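Okay, structure first, notes after.
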Amino acid sequence: MTPILILSGKGKTGRRVAAQLDARGVPYRLASRSSEQPFDWYDESTWADAVRGADTAYLAPPVGPTGLARAGKFVQQAKGLRRLVLLSGRGVGSPGRDVAVYDGSLELESVVRASDLEWTIVQPAWFAQGFSEDFLRYHVLAGEIRLSAGTGAEAWIDRNDVGDVMTVALLDESYAGETLAISGPRTLTMPEIADELTKATGRPISYVDLDPEAHVAELVEQGLTREDADAVRDLFAVIRNHRSEYVSDGVQKVLGRPARDFTDWARETATTGVWGGPPALNN
Ligand SMILES: NC(=O)c1ccc[n+]([C@@H]2O[C@H](COP(=O)([O-])OP(=O)(O)OC[C@H]3O[C@@H](n4cnc5c(N)ncnc54)[C@H](OP(=O)(O)O)[C@@H]3O)[C@@H](O)[C@H]2O)c1
33 MTPILILSGK GKTGRRVAAQ LDARGVPYRL ASRSSEQPFD WYDESTWADA
83 VRGADTAYLA PPVGPTGLAR AGKFVQQAKG LRRLVLLSGR GVGSPGRDVA
133 VYDGSLELES VVRASDLEWT IVQPAWFAQG FSEDFLRYHV LAGEIRLSAG
183 TGAEAWIDRN DVGDVMTVAL LDESYAGETL AISGPRTLTM PEIADELTKA
233 TGRPISYVDL DPEAHVAELV EQGLTREDAD AVRDLFAVIR NHRSEYVSDG
283 VQKVLGRPAR DFTDWARETA TTGVWGGPPA LNN
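Note that our numbering has the sequence shown beginning at 33, numbered continuously upward.
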């Protein structure tokens with residue numbers, strides 16, 4: 033079997049896919065700046081070698097409009113590839129969700145759909161691991177989640193479920209031409225998330241709702257550029273504007289089991305030590 037190409041394979045989702053392929057004995061090749069197969073979204077001279085000999089690719093695009101445009105260019109030039117599974121975003125292209133924050137993702141999806149490739153697009157909700165592996169972890173550690181999500185809710189998904197769905201999409205060709213929307217089993221507001229994390233960690237964690245512009249100011253004070261801070265505000269505006277308040281059934285459909293609930297995820301994650309307490313295990 034030709035190795036599956038995993039673009040951004042050292043990433044937090046890509047490495048879960050790699051682990052699943054390992055478990056099934058399926059060969060794969062990681063490609064990123066630090067992989068044995070060097071690959072850089074911003075250096076086109078690395079693209080052809082990465083694709084050579086590959087039939088199927090997993091693509092987790094870089095975030096932000098420039099990165100998404102690079103991924104689109106890559107797809108248009110990916111000669112020799114036959115299949116592509118794209119890790120996209122929540123609600124991209126759905127009616128009523130055409131806010132600017134989705135522009136780059138919508139364009140990338142359009143390029144993929146218009147390509148000669150056999151494609152599957154996976155659109156996950158926000159990852160629960162945002163609170164344990166990404167920047168929201170520091171809010172949990174500080175005991176205060178300070179965001180501008182208002183009273184909006186999101187159906188947070190366990191990144192392991194995302195990895196499992198991506199793996200099946202890579203291996204099962206019957207999903208060709210499908211867009212798989214996946215999420216956790218219920219929506220939670222930020223105060224509900226704070227309650228869940230309080231119970232899981234045994235430490236008080238509160239949610240402080242910021243006015244969107246106060247959120248930007250706080251992020252800039254922490255060192256973000258104004259542009260990046262605006263982008264973070266816009267991301268949370270999707271939740272604040274109640275555009276994410278729905279559950280998607282893709283995990284049940286693809287994996288034949290329910291998506292993992294945030295409560296179970298938080299309880300287990302607390303035992304790993306990422307929020308203090310016992311020494312960290314690999315989450
Ligand atoms: N977080 C969420 O809630 C959420 C929800 C829905 C969708 N998503 C999507 O998920 C994707 C991110 O997935 P992730 O969290 O698994 O990624 P991640 O952990 O941030 O991984 C990034 C990977 O990209 C590689 N990389 C970084 N810069 C690169 C470059 N210039 N060229 C080539 N590779 C580069 C890194 O490896 P090297 O350092 O070796 O290059 C690393 O393997 C994004 O497209 C995002 O939109 C996220």
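We treat Cβ as the ideally placed atom computed from N, Cα and C, and that holds for glycine.
In this text, all values refer to a predicted model and were calculated from it rather than measured experimentally.
- request: Could you tell me if aspartate 193 is buried or exposed, where buried requires 16 or more neighbouring beta carbons within 10 angstroms of its beta carbon?
  value: buried
- prompt: Is the CB-CB distance between alanine 201 and valine 144 below 7 Å?
  reply: no
Host alpha helix (DSSP H) of threonine 211 (start-end): Where threonine 211 is concerned, there is no enclosing alpha helix (DSSP H), although the beta strand (DSSP E) it sits in stretches over 211-214.
message: Contact between the segment 202-216 and the segment 271-282 is defined here as three or more beta-carbon pairs at a separation below 8 Å; is this criterion met?
response: yes
Anticipated Cβ contact below 8 Å, aspartate 196 with glutamine 52, distance rounded: 6 Å
query: Counting Cβ pairs, one atom from each stretch, are 3 or more of them under 8 Å apart for the segment 104-116 and the segment 167-181?
result: no
task: With alanine 55 as the anchor, note down where its alpha helix (DSSP H) starts and where it stops.
output: 46-56
- request: Please report the Cβ distance between proline 97 and aspartate 135, rounded to the nearest whole angstrom; I am assuming they are in contact, meaning their Cβ atoms lie under 8 Å.
  value: 7 Å
- request: Counting only the same chain and skipping the five closest in sequence on each side, list residues whose C-beta sits under 7 Å from that of glutamine 109.
  value: Trp79
query: Near tyrosine 74, which residues of its chain fall below 8 Å by C-beta distance, leaving aside the five closest residues on each side in sequence?
result: Arg102
message: Among Val124, Ala246, Ala302, Phe106, whose alpha-carbon lies nearest the alpha-carbon of glutamate 76?
response: Phe106
query: If you compare alpha carbons, which of Asp296, Tyr90, Ala92, Ala263 is closest to arginine 218?
result: Asp296
message: For the structure I just gave you, are there three or more beta carbon pairs, one from the segment 224-236 and one from the segment 82-95, closer than 8 Å?
response: no
Any non-hydrogen atom of ligand 1 closer than 6 Å to proline 97 Cβ: no
Between the CA atoms of alanine 249 and isoleucine 177 - distance to the nearest angstrom: 16 Å
- request: Note the first and the last residue of the continuous alpha helix (DSSP H) segment covering proline 97.
  value: 97-109
query: Can lysine 105 be considered in contact with ligand 1, in the sense that its beta carbon sits closer than 6 Å to one or more heavy atoms?
result: no
message: In whole angstroms, give me the CA-to-CA distance for tryptophan 294 and tryptophan 307.
response: The sequence given here places phenylalanine at residue 294; tryptophan does not occur at that position. Each residue's Cα considered, the two are about 16 Å apart.
- prompt: For glycine 305, does the count of other Cβ atoms within 10 angstroms reach 16, so buried, or fall short, so exposed?
  reply: exposed
- prompt: Looking only at its own chain, which residues have a Cβ that is under 6 Å from the Cβ of proline 156, when we skip the five neighbours before and after it?
  reply: Ile189, Val194, Ile214
- request: Provide the residue span of the alpha helix (DSSP H) that contains proline 156, from first to last.
  value: Run containing proline 156: none in the alpha helix (DSSP H); it sits in the beta strand (DSSP E), 150-156.
- request: Please go through the same chain and pick out, in chain order, the residues whose beta-carbon is closer than 6 Å to the beta-carbon of alanine 187, but skip the five residues on each side of it.
  value: Ala157, Ser215, Gly216, Thr219, Val279
Any non-hydrogen atom of ligand 1 closer than 6 Å to aspartate 190 Cβ: no
- prompt: Which residues share a DSSP beta bridge with glycine 308?
  reply: Val306
task: Along the beta strand (DSSP E) that carries alanine 181, what are the first and last residues, could you check?
output: That residue, alanine 181, is in no beta strand (DSSP E); it is neither H nor E in DSSP.
message: Taking the straight line between their C-alpha atoms, what separation do you get for leucine 37 and aspartate 87?
response: 8 Å
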